[in-house]
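Scroll down for the structure; my scribbles are underneath it.
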Amino acid sequence: MTMKRLATVLAVLSGLFLVYTGISFLVAPQPTADGFGLPTWPQDQGEGFLAVKGMRDIGFGLVILTLLLAGQRKALGLATAAMAVVPVGDMLIVLSEGGPAATAYGVHGLAAATVAVTAGLLVRERPAAT
0 MTMKRLATVL
10 AVLSGLFLVY
20 TGISFLVAPQ
30 PTADGFGLPT
40 WPQDQGEGFL
50 AVKGMRDIGF
60 GLVILTLLLA
70 GQRKALGLAT
80 AAMAVVPVGD
90 MLIVLSEGGP
100 AATAYGVHGL
110 AAATVAVTAG
120 LLVRERPAAT
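Going left to right, the sequence shown walks through residues 0 to 129 as numbering that gives the first Met the number 0 numbers them.
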């Protein structure tokens with residue numbers, strides 16, 4: 000598999016996963032929050048914040064997919080690099096709030112590493128010869 004194809008696959012999977020996660024936070028906020036690594040609020044309290052997180056994830060996923068579909072691979076790489084701070088922040092928040100280290104590192108840390116690798120692959124690409 001070429002590096003360009005790998006970057007494309009990682010970007011598509013990242014975009015789709017973010018949209019899926021965002022929809023999950025909108026449709027089933029409490030059960031989805033359980034997998035995030037932080038204690039959830041009692042039922043019917045704070046679900047607005049979970050909906051905000053869902054919309055954030057949908058927005059990030061759509062940015063990734065839109066830039067990819069528009070052929071703006073360099074811009075996608077830079078945007079993806081900027082977005083890498085989000086899963087790093089999520090990981091640090093889970094750890095600082097006493098959430099499970101396995102979730103912090105296994106979910107958020109792995110996501111941060113995947114986003115950073117994807118960004119690196121996209122930024123390093125050479126423009127196609129004309």
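Glycine is no exception: its CB is placed at the ideal position from the N, C-alpha and C atoms.
Quick caveat, the model's predicted, so the values are computed rather than measured.
Secondary structure of A69 (DSSP, three-state): coil. Residue environment: G36 is assigned as buried (16 or more neighbouring CB atoms within 10 Å of its CB, all protein chains considered). Annotation: the continuous alpha helix (DSSP H) that includes Y19 extends over 2-26. Straight through space, the alpha carbons of T65 and F48 are spaced by roughly 26 Å. Within the same chain, no Cβ atom closer than 6 Å to the Cβ of I92 is found once the five residues on either side in sequence are excluded.
For M0 and G45, the gap between their C-alpha atoms comes out near 44 Å. Residue burial is scored here from C-beta neighbours: R72 has at least 16 other C-beta atoms within 10 angstroms and is therefore classed as buried.
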